[in-house]
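>
Protein chains: 4
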Amino acid sequence: MRKPAKSAFRRRRPTQSRAHETVNAILDAVIRLLKRSGVSAITTNGIAEAAGVSIGSVYQYFPDKRAIFVALHERHIEQVDRILERKISESASGPLKQLVSELMDGMIEAHTFDPELAALLDSEVPHRADGAKEFSCRLHELLRKALAPHAERLGGTGKLDLRAFLLGNMLDALGHAVVLRRPRAVSLRYAKMEATKAILAGIES
Amino acid sequence: MRKPAKSAFRRRRPTQSRAHETVNAILDAVIRLLKRSGVSAITTNGIAEAAGVSIGSVYQYFPDKRAIFVALHERHIEQVDRILERKISESASGPLKQLVSELMDGMIEAHTFDPELAALLDSEVPHRADGAKEFSCRLHELLRKALAPHAERLGGTGKLDLRAFLLGNMLDALGHAVVLRRPRAVSLRYAKMEATKAILAGIES
Amino acid sequence: MRKPAKSAFRRRRPTQSRAHETVNAILDAVIRLLKRSGVSAITTNGIAEAAGVSIGSVYQYFPDKRAIFVALHERHIEQVDRILERKISESASGPLKQLVSELMDGMIEAHTFDPELAALLDSEVPHRADGAKEFSCRLHELLRKALAPHAERLGGTGKLDLRAFLLGNMLDALGHAVVLRRPRAVSLRYAKMEATKAILAGIES
Amino acid sequence: MRKPAKSAFRRRRPTQSRAHETVNAILDAVIRLLKRSGVSAITTNGIAEAAGVSIGSVYQYFPDKRAIFVALHERHIEQVDRILERKISESASGPLKQLVSELMDGMIEAHTFDPELAALLDSEVPHRADGAKEFSCRLHELLRKALAPHAERLGGTGKLDLRAFLLGNMLDALGHAVVLRRPRAVSLRYAKMEATKAILAGIES
DNA sequence: CATGAATGAGTGTTCATTCAT
DNA sequence: AATGAATGAACACTCATTCAT
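Read top to bottom, the protein sequences are chains A, B, C and D. For reference, each letter of the first sequence is one residue, going 0 to 204 in numbering that gives the first Met the number 0. For reference, each letter of the second sequence is one residue, going 0 to 204 in numbering that gives the first Met the number 0. For reference, each letter of the third sequence is one residue, going 0 to 204 in numbering that gives the first Met the number 0. For reference, each letter of the fourth sequence is one residue, going 0 to 204 in numbering that gives the first Met the number 0.
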């Protein structure tokens, strides 16, 4: 996933895992700094220090500062992807209701693990449009396949694309909202249940 | 490079309005720059240049760079607010279905006017958590009042908050998505119709 | 002579002379630093400090570090140019011997004024080939015109180009050498006299 | 990117020669980089890469970056030295005219082999004053010895130093100029012939 | 109020050099 | 001897902000 970077002089790493460790150390450091003081306060030297590596090593793995943020988003997206894929395979043979419920679970799981990070990633860290687009495509494919067995209930194969589109966007929106912005008086459990019901009704409408 | 615009529009009106014009010129310039080259390429001097005012004047109206972005968001939010308020009052006495339909219309109207800007505002321009929170509160109040007449159909007064929460987030998400990310094969009209149906079913579930 | 620099935001200076002063302050500072510690020790911040201006101002007048060195060379070349032009006009109607003698005088004058600088400019400060080429062209034109009245003595008009070429390069080389590298036992006066004789004989050969 | 050259040429010869090969590989790499993108773009890591050796090996043979450039100049100077020494010995017993002609030949031979390199070495690669001085001393000695047999024709033994000084500088200047900067309309042969005549006349004056 | 030249702290990035393997 | 990953001091350059005019 990492590109060979702009310089022609960059060579491949000897140990794949060492590199992975360093990259993760850097990304984790960015998260810490992000929480402590926001994007605009983040500097590459600060990242290096917080990650416990030299600034030179940061530039060994990332061509520039932007790439670090991109990688952070990518890592997050991959996690969500993985979770949703698992949830889908787990409820592959079950009823539609279970599928939606599991997906909602997954979405919430992904954002409950580190709600602050999820919020920051969403609102502060610049996520170039392309990346987001690519992600929503991948997700869309995933959901279309997951909905396929329930096609007849959803208005036929011809409408699958639209259903997956609605499902994806509602999941994402309500997944975030339920964790981060639900009314104070409402519990996570209850909000989740209602959101699930709403989404289910929505795509079956 | 300097444009003549300066002397043409300035006369008559009291300072209040002159200020307003300058502020708008600045915000419009920011939008232009944003579209041309992204947030990270925006500089205060660049803004002044693009707005046809001096950098000093920019600082007359905004305490610092951040404030410019905040104002940009606020202006956008106010527009959305105004549109939604109108839509709500227009369908105050109608059925729930009409209300949701009108709200969806409003949301799409707000984003169709300048979809690129809507996307940029959402993904690139840092929107400090507070501002977003405040907006969603105002929107939430608006929607709660709009839903109040339909309380019995929505599970009683006790559930109004939750319904407004679900409605607000689905509106926002699908409003954006329908304009910016709908499957290529689907028309705006049709996507809108289906999204409206989905939301309606969702909050009635 | 100064180009508008790479940024689109650069504006023209209000007072031509203020700019000139600052530019000269910067170039003089570079010379001081050059003498004190060599090219490789020169930093843009060091230049700003030594010139008594802010680093920002340096970048107001020069697009980058290289441009400062280029300007330094240009200023030197212009000085030499001016001196030689004067010498040529002073001996326009005199014999060839006087012309060569005056030119040698001029060359030496140009390098005696600040021999250390002349040596540094020649050996340390990178002078991109183009600049040098352009200068030698200008000089070549100058010399060709100066030699024109003596054409018959120099083998005819057809050979003027070649004569000017030989003259220019010998002048430059011996001008430098006489000031900077003459044998210790030889006085400047005497070296100059002999060099002049040599050049004269050379172009008349 | 890594070339196989390594294992092919290395065997047999003692370490002395292995070192010599590596050093030459490095210097040749520098020349290539120099031509491709100028001094300021040269980095030690880039040199190692281009030479097909590790950066560690570069530092095995050169204490620092400067030393690489010094070595490059030295290698060039040695070549010129060797050529001139040969030319001098070849025309030791001939007339002065032949000597000068042969020297000019040598100078041109040295620069015609790689004119681009000659120009770069002269204008771009920083040649610390000491090195240049040392070279011109060695050259001066050489020329003084070569001129000694012709002392009477050159104004006596007392003037030999001055004659050698003039000869050396004219040779160097016209040698460069004839190859790199002669007027477009003039052939190398003709320019060389005229330059030789000029120099001869110059030192005999 | 407007202007825009001047400021300089702070930033991203490079690259000569080291040293454990 | 050779390697090349790691280092981090140092640098060129930017740009938000100020303030004299």
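Cβ atoms here follow ideal geometry from the backbone N, Cα and C, with glycine treated the same way.
Starting from the beta carbon of C:MET169, find every residue of chain D whose beta carbon is closer than 8 angstroms, and list them in chain order.
Going along chain D in sequence order, the residues near C:MET169 (Cβ under 8 angstroms) are MET169, ALA172, LEU173, ALA197, GLY201.
> Using only the alpha-carbon positions, how far apart do B:LEU199 and A:ASP121 sit?
Their backbone Cα atoms lie some 27 angstroms apart in a straight line.
> Check the Cβ of D:LEU26 against every Cβ in chain C and list those closer than 9 angstroms, keeping chain order.
In chain order: nothing, as chain C lies at least about 20 angstroms away.
> Closer than 8 angstroms, CB to CB, is D:HIS72 near chain C or not?
It does not; no Cβ of chain C falls within 8 angstroms.
> For the candidate residues A:ALA118, A:ARG85, A:LYS96, A:GLY154, whose alpha-carbon lies nearest to that of A:ALA197?
Selected option, being the one with the closest Cα: A:LYS96.
> Do you know how far the Cα of A:LEU173 is from the Cα of A:LYS191?
Approximately 8 angstroms, taken between the alpha carbons.
> Pairing CB atoms from the segment 19 to 37 of chain B with CB atoms from the segment 68 to 84 of chain B, are three or more of them under 8 angstroms?
Touching, per the Cβ criterion.
> For the alpha helix (DSSP H) that D:ARG81 lies in, which residues bound it at each end?
It spans 64 to 89 - the alpha helix (DSSP H) in which D:ARG81 sits, taken as one unbroken run.
> Using 8 angstroms as the cut-off, can you tell me whether the segment 144 to 151 of chain A makes contact with the segment 141 to 148 of chain B, which would need three or more C-beta pairs spanning the two stretches below that distance?
The segment 144 to 151 of chain A is not in contact with the segment 141 to 148 of chain B.
> Taking the alpha carbon of D:LEU33 as the point to measure from, which residue in D:SER100, D:PHE68, D:SER53 has its own alpha carbon closest?
For D:LEU33, the nearest C-alpha among the options comes from D:PHE68.
> Can you find a CB in chain C that lies within less than 8 angstroms of the CB of D:ASP160?
For D:ASP160, the answer is yes, since a Cβ of chain C falls inside 8 angstroms of its Cβ.
> When you compare the CB of C:LYS5 with every CB in chain D, is at least one pair closer than 8 angstroms?
For C:LYS5, the predicted model reports a pLDDT of 37, less than 50, meaning its position is unreliable; a value from the coordinates is still stated below. No, because no Cβ of chain D sits closer than 8 angstroms to the Cβ of C:LYS5.
> With a 10 Å radius around its C-beta and 16 neighbouring C-beta atoms as the bar for buried, classify C:PHE112 as buried or exposed.
Result: exposed.
> Looking at the C-beta of B:GLU140, does it have a partner C-beta in chain A at a distance below 8 angstroms?
No, no contact with chain A.
> Go ahead and label A:ALA40 buried or exposed: buried means 16 or more other beta carbons lie within 10 angstroms of its beta carbon, across all protein chains shown.
Burial call: exposed.
> A:ALA145: buried (16+ other C-beta within 10 angstroms of its C-beta) or exposed?
Classification for A:ALA145: buried.
> Straight-line CA distance for B:ARG35 to B:THR43?
One C-alpha to the other measures close to 15 angstroms.
> Give a yes or no on whether the minimum CB-CB distance between C:SER135 and chain D is below 8 angstroms.
Yes, contact with chain D.
> Considering Cα atoms alone, identify which of B:PRO125, B:SER56, B:ALA47 is closest to A:LEU119.
Measuring from the Cα of A:LEU119, the nearest candidate turns out to be B:PRO125.
> What's the C-alpha gap between B:PRO62 and B:ALA70?
Between B:PRO62 and B:ALA70, the C-alpha separation is close to 11 angstroms.
> With burial defined as no fewer than 16 other Cβ atoms inside 10 Å of the residue's Cβ, what is the status of C:ALA184: buried or exposed?
Its Cβ having fewer than 16 others within 10 Å, C:ALA184 is exposed.
> Give me the Cα-Cα distance between B:ARG1 and B:GLY51, rounded to the nearest whole angstrom.
Confidence in B:ARG1 is poor, its pLDDT being 36 and thus under 50, which makes the residue's placement unreliable; the coordinate value appears in the next sentence. Looking at the two C-alpha atoms, the distance is approximately 6 angstroms.
> Could you name the residues of the same chain whose beta carbon sits closer than 7 angstroms to that of B:SER135, not counting the 5 residues immediately before and after it, in chain order?
These residues qualify, in order along the chain: GLY167.
> Mind checking if D:LEU181 is an interface residue toward chain C, Cβ cutoff 8 angstroms exclusive?
Note that residue 181 of chain D is Arg in the sequence shown here, rather than Leu. Closer than 8 angstroms: yes.
> Determine the burial state of D:LEU65: buried for a count of at least 16 other Cβ atoms within 10 Å of its Cβ, exposed for fewer.
The residue asked about is misnamed: residue 65 of chain D is Arg in this sequence, not Leu. By the 10 Å Cβ count, D:ARG65 comes out exposed.
> Excluding the 5 residues preceding and the 5 following B:ARG181 in the sequence, name in chain order all residues of the same chain whose CB lies nearer than 8 angstroms to its CB.
So the list reads LEU187, ALA190, once near-sequence residues are dropped.
> Just to make sure I have the definition right: I need the residues of chain D whose C-beta is within less than 9 angstroms of the C-beta of C:HIS126. Which are they?
Chain D residues near C:HIS126: SER122, GLU123.
> Check the Cβ-Cβ distances between A:LEU187 and every residue of chain B, and say whether any is below 8 angstroms.
No, its Cβ sits nowhere closer than 8 angstroms to a Cβ of chain B.
> For C:LYS86, which residues of its own chain have a beta-carbon under 6 angstroms away from its beta-carbon, when the five flanking residues on both sides are left out?
Contacts found: GLU101, LEU102, GLY105.
> Quick one: using the 10 Å Cβ neighbour count with 16 as the cut-off for buried, is D:ARG162 buried or exposed?
D:ARG162 should be labelled buried.
> Rank D:SER204, D:VAL177, D:THR156, D:VAL29 by C-alpha distance to the C-alpha of D:LEU116 and give the top, closest one.
Nearest of D:SER204, D:VAL177, D:THR156, D:VAL29 to D:LEU116, Cα basis: D:VAL29.
> Assign B:THR195 to one of two classes, buried (16 or more other C-beta atoms within 10 Å of its C-beta) or exposed (fewer than that).
Label assigned to B:THR195: buried.
> I'd like to know whether the C-beta atoms of A:HIS110 and A:VAL178 end up nearer to each other than 8 angstroms.
Taking 8 angstroms as the Cβ cut-off, A:HIS110 and A:VAL178 qualify as a contacting pair.
> Which residues mark the beginning and the end of the alpha helix (DSSP H) in which C:VAL99 is found?
Where C:VAL99 is concerned, the enclosing alpha helix (DSSP H) stretches over 95 to 111.
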